[in-house]
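Below is one structure, written out as structure tokens; comments come after it.
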Amino acid sequence: MKRIFKKVNAFIKGLIILFKPHTIFGFLRKPMFFGYNTLSLSKWISKQDSKGTYNDFYTSKRDYARRYKLYQHILETKNLADIPIDYLEFGVCQGNSFRWWVNGNKNQDSRFYGFDTFEGLPEAWGMVFKKGDMNAIIPDIDDKRVEFIKGLFQETFIPFTQSHSLKSEKVKVIHLDADLFSSTLYILTSIAPYLKKGDILLFDEFNVPNHEFHAFQCFTQSYYIKTKLLGAVNNYLQVALEITD
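Written as structure tokens, this is what we have:
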């Protein structure tokens, strides 16, 4: 019976491809993909245990300043203010969140790495932001613990790992503010070998279904990574997660 089913399935699939349905129904691809990811996001949120977490869901007003309250919650509950950490931010732009973490942790053994092209988005993001938007100059931060790495993540991160030790006992705080699916997925998959239990992932546009959330889903499902929600603000736009396995 299984053999018959496989043959019928293969025949129908081949027949569908033969008739090139994309020429008629291709316009449905993007809205259906967005719908699928939105449903997946809704399901993911509903499955999270929000007890004891810093969470403002549901709110009718978006306030980006809330992310600093989320950072403070993580800093205090995970006792990150005084211990040595490795902070890596992907998508620095003007450096507001980067500065917050540099000021929030004073341990001299901590290291803060900021990755960005500083030339804007490498590709369009949605229907509003075009290639080159959100360009900025490298932030001027007078702290010997700080290092900025300029360029595309796909060109700079692997050389960075070859010259810097990321396999340490220090807690890693990974701040993903790359916006794009491609950039976020690349970093998550590239940094996977260096992640350990207790490391923290911060997302700045998590509830954008086709980009950061979709990258997170692809990553956790492909690498069997498990996380625990630590906090979320602005209806899960900014999210903090802890690696549990």
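Counting from 1 along the sequence shown, just add 318 to a position and that's the residue number in the working numbering. Backbone N, C-alpha and C fix where the C-beta goes; we use that ideal spot for every residue, glycine too. Since the structure is predicted, the reported quantities are computational estimates derived from the model, not experimental observations.
- In the structure shown, the three-state DSSP call for residue 401 is coil.
- In terms of Cα proximity to residue 358, the closest of 453, 534, 558, 559 is 534.
- Beta-bridge partners of residue 430 (DSSP): 405, 464.
- Per DSSP, reduced to three states, the secondary structure at residue 337 is coil, with no helix or strand assignment.
- Short of 7 Å from the beta carbon of residue 363, and not among the five residues preceding or following it, lie these beta carbons of its own chain, in chain order: 554.
- Separation of residue 547 and residue 519 (C-alpha to C-alpha, rounded to the nearest whole angstrom) is 10 Å.
- The distance from the Cβ of residue 404 to that of residue 486 is about 7 Å, consistent with a contact at the 8 Å cut-off.
- Around the C-beta of residue 527, 16 or more other C-beta atoms lie within 10 Å, and the residue is accordingly described as buried.
- Taking a C-beta distance under 8 Å as the contact criterion, residue 524 and residue 551 do not qualify as a contact pair.
- Around residue 415, the same chain offers no residue with a beta carbon nearer than 6 Å, after the five sequence neighbours per side are excluded.
- Secondary structure at residue 493: strand, using DSSP grouped into helix, strand and coil.
- With distances taken between CA atoms, residue 406 lies nearest to 492 out of 455, 437, 492, 479.
- Of the other Cβ atoms in all chains shown, fewer than 16 fall within 10 Å of the Cβ of residue 450; this residue is therefore exposed.
- Contact check for residue 521 against residue 355 fails: the beta carbons are separated by 8 Å or more.
- Annotation for residue 437: 450, 453 place their beta carbon closer than 8 Å to its own, counting only its chain and skipping 5 residues before and after.
- For residue 410, the secondary structure class from DSSP, reduced to helix, strand or coil, is coil.
- In the DSSP assignment, residue 546 falls outside any alpha helix (DSSP H) and within the unbroken beta strand (DSSP E) covering 545-551.
- Annotated three-state conformation of residue 425 is coil, per DSSP.
- Beta-bridge partners assigned by DSSP to residue 560: 518, 546.
- Collapsing the DSSP output to three states places residue 382 in coil.
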